[in-house]
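> The following block contains the structure, expressed as structure tokens.
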Amino acid sequence: EAQVTQNPRYLITVTGKKLTVTCSQNMNHEYMSWYRQDPGLGLRQIYYSMNVEVTDKGDVPEGYKVSRKEKRNFPLILESPSPNQTSLYFCASSLPGRYEQYFGPGTRLTVT
Amino acid sequence: SQQGEEDPQALSIQEGENATMNCSYKTSINNLQWYRQNSGRGLVHLILIRSNEREKHSGRLRVTLDTSKKSSSLLITASRAADTASYFCATDAWRDDKIIFGKGTRLHILP
Numbered sequence: 025e026a027q028v029t030q031n032p033r034y035l036i037t038v039t040g041k042k043l044t045v046t047c048s049q050n051m052n053h054e055y056m057s058w059y060r061q062d063p064g065l066g067l068r069q070i071y072y073s074m075n076v077e078v079t080d081k082g083d084v085p086e087g088y089k090v091s092r093k094e095k096r097n098f099p100l101i102l103e104s105p106s107p108n109q110t111s112l113y114f115c116a117s118s119l120p121g122r123y124e125q126y127f128g129p130g131t132r133l134t135v136t
Numbered sequence: 002s003q004q005g006e007e008d009p010q011a012l013s014i015q016e017g018e019n020a021t022m023n024c025s026y027k028t029s030i031n032n033l034q035w036y037r038q039n040s041g042r043g044l045v046h047l048i049l050i051r052s053n054e055r056e057k058h059s060g061r062l063r064v065t066l067d068t069s070k071k072s073s074s075l076l077i078t079a080s081r082a083a084d085t086a087s088y089f090c091a092t093d094a095w096r097d098d099k100i101i102f103g104k105g106t107r108l109h110i111l112p
């Protein structure tokens, strides 16, 4: 089954404790992206990747890192999480030139 | 930013009626897409319309694009309870691989 998976689905952590949210897709998609969703603000793109070893900033990259060492995986790293990063995070993937994205189920992150 | 803005923010209609929601954006685009999100879940792609297209249909969905007004509309005909969800437009621009989502329209279908 074609899908995008994210882990963990729920995470409660404390300020400053490094964490990684994993994202994996099995559709051989080149384009992958991370979004955060906050009430009243819609989805905002954090980082995206056009292919392996190619990443670029979205609209809200501050406080986040990503890497794309393999085509299928695109982890999101929070080196020092802060409470303002409490949010619902989505990973998505698509073929290049066709921006019909497939979304993961979301990761609800709470930073206290 | 070329963020899309959906209008209205929320919409309640009776089952069987048509639902129309609009999206406006700020700068020239390459594609405009509509997505649906059921409460807290991942978004599902509905339809993509390219900047050189004016109208597109998919089942009960009809999307129009007016690049002169920088706006798009999504029409859902003969609405059903299962259409209750949030709907988002998303745009991308020429030579820019960012994708910008709007804040969404919450659609509630009343039985």
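One line per chain: the protein sequences are S and G, in this order.
First residue of the first sequence? That's 25 in our numbering, and the numbers climb one at a time after it.
First residue of the second sequence? That's 2 in our numbering, and the numbers climb one at a time after it.
C-beta: ideal position from N, C-alpha, C; glycine also.
#1: With DSSP as the reference, please indicate the residues paired to Y88/G in a beta bridge.
#2: Distance check for G103/G and I139/G, CA to CA, integer angstroms please.
#3: Using the Cα positions of T85/G and W35/G, report the straight-line distance between them to the nearest angstrom.
#4: Curious, which full-length beta strand (DSSP E) runs of at least 3 residues does the segment 77-117 of chain S contain?
#5: On a Cα-Cα basis, can you pick out the residue from N53/G, D67/G, S13/G, E16/G that is closest to K27/G?
#6: Going by DSSP, name the residue or residues bridged to L44/G.
#7: Let me make sure I understand the geometry here. Which of C115/S, E124/S, L102/S has the alpha-carbon closest to that of T134/S?
#8: State the Cα-Cα distance for the pair S59/G and V38/S, rounded to the nearest angstrom.
#9: Between Y88/S, G121/S, Q61/S, which has its C-alpha nearest G40/S's C-alpha?
#10: In terms of residue numbering, what span does the beta strand (DSSP E) encompassing R132/S cover?
#11: Roughly how many angstroms separate the alpha carbons of S80/G and S13/G, rounded to a whole number?
#12: Please tell me whether Q27/S and M56/S are closer than 9 Å, where the distance is taken between their beta carbons.
#13: Would a check of beta-carbon distances place G60/G closer than 9 Å to chain S?
#14: Going along chain S in order, which residues have a C-beta closer than 9 Å to the C-beta of R51/G?
#15: Pop quiz: R55/G and S87/G are said to be a contact at Cβ under 8 Å. What is the actual Cβ separation, rounded to whole angstroms?
#16: What does I77/G pair with, by DSSP beta-bridge criteria?
#17: Contact criterion: CB-CB distance below 9 Å. Does F114/S meet it with respect to chain G?
#18: Take I36/S and list the residues in its own chain whose beta-carbon comes closer than 6 Å to its own, dropping the five residues that flank it on each side.
#19: Taking DSSP as the reference, what is the three-state secondary structure of A26/S?
#20: Any C-beta of chain S sitting closer than 9 Å to the C-beta of K104/G?
#21: Identify the continuous beta strand (DSSP E) that holds T46/S and give its terminal residues.
Looking at the coordinates:
#1: Against the second sequence, residue 88/G aligns to sequence position 87. According to DSSP, Y88/G bridges with R37/G, T106/G.
#2: Given that chain G is displayed from residue 2 to residue 112, the structure contains no residue 139/G and the question cannot be resolved.
#3: Stepping through the second sequence from its first residue, residue 85/G is reached at position 84. Stepping through the second sequence from its first residue, residue 35/G is reached at position 34. Cα to Cα, T85/G sits roughly 15 Å from W35/G.
#4: Taking only runs of at least 3 residues, the beta strand (DSSP E) segments lying wholly in the segment 77-117 of chain S are 78-81, 100-102.
#5: As a first step, residue 27/G is located in the second sequence; it is residue number 26 there, counting from the start. It is D67/G.
#6: Taking the first residue of the second sequence as 1, we reach residue 44/G at position 43. Looking at the DSSP assignment, L44/G forms no beta bridge with any residue, so it has no partner.
#7: On the first sequence, position 110 is the one that residue 134/S refers to. For the residues C115/S, E124/S, L102/S, the minimum Cα distance to T134/S belongs to L102/S.
#8: Within the second sequence, numbered from 1, the residue matching residue 59/G stands at position 58. Within the first sequence, numbered from 1, the residue matching residue 38/S stands at position 14. The straight-line gap separating the alpha-carbon atoms of S59/G and V38/S is approximately 46 Å.
#9: Position 16 of the first sequence, counted from the start, is the residue given in the question as residue 40/S. Considering only alpha carbons, the answer is Y88/S.
#10: The residue you call residue 132/S lines up with position 108 of the first sequence. Note, R132/S: beta strand (DSSP E), 131-135.
#11: Stepping through the second sequence from its first residue, residue 80/G is reached at position 79. Stepping through the second sequence from its first residue, residue 13/G is reached at position 12. Rounded to the nearest whole angstrom, the C-alpha separation of S80/G and S13/G is 11 Å.
#12: Looking up residue 27/S in the first sequence gives position 3. Looking up residue 56/S in the first sequence gives position 32. At the C-beta level, Q27/S and M56/S stay beyond 9 Å of one another.
#13: Here residue 60/G is taken as the residue at index 59 of the second sequence, counted from 1. It does not; no Cβ of chain S falls within 9 Å.
#14: As a working mapping, residue 51/G is identified with position 50 in the second sequence. The contacting residues do not exist; R51/G stays about 10 Å from chain S at best.
#15: Sequence index remark: in the second sequence, residue 55/G carries index 54 (1-based). Sequence index remark: in the second sequence, residue 87/G carries index 86 (1-based). In this structure, R55/G and S87/G do not form a Cβ contact; the two beta carbons are roughly 26 Å apart against a cut-off of 8 Å.
#16: Here residue 77/G refers to the residue found at position 76 of the second sequence. Paired residue(s): A20/G, L62/G.
#17: Within the first sequence, the letter at position 90 stands for residue 114/S. At a cut-off of 9 Å between beta carbons, F114/S contacts chain G.
#18: Working through the first sequence from its first residue, we reach residue 36/S at position 12. Excluding its 5 nearest sequence neighbours in each direction, I36/S has C-beta neighbours in its own chain below 6 Å: T134, listed in chain order.
#19: Counting from one through the first sequence, the residue named residue 26/S turns up at place 2. Coil, per DSSP.
#20: For the purposes of this step, residue 104/G is taken as the residue at position 103 of the second sequence. Answer yes: the Cβ-Cβ gap between K104/G and chain S drops below 9 Å somewhere.
#21: In the first sequence, the residue the question calls residue 46/S occupies position 22. Residues 43-49.
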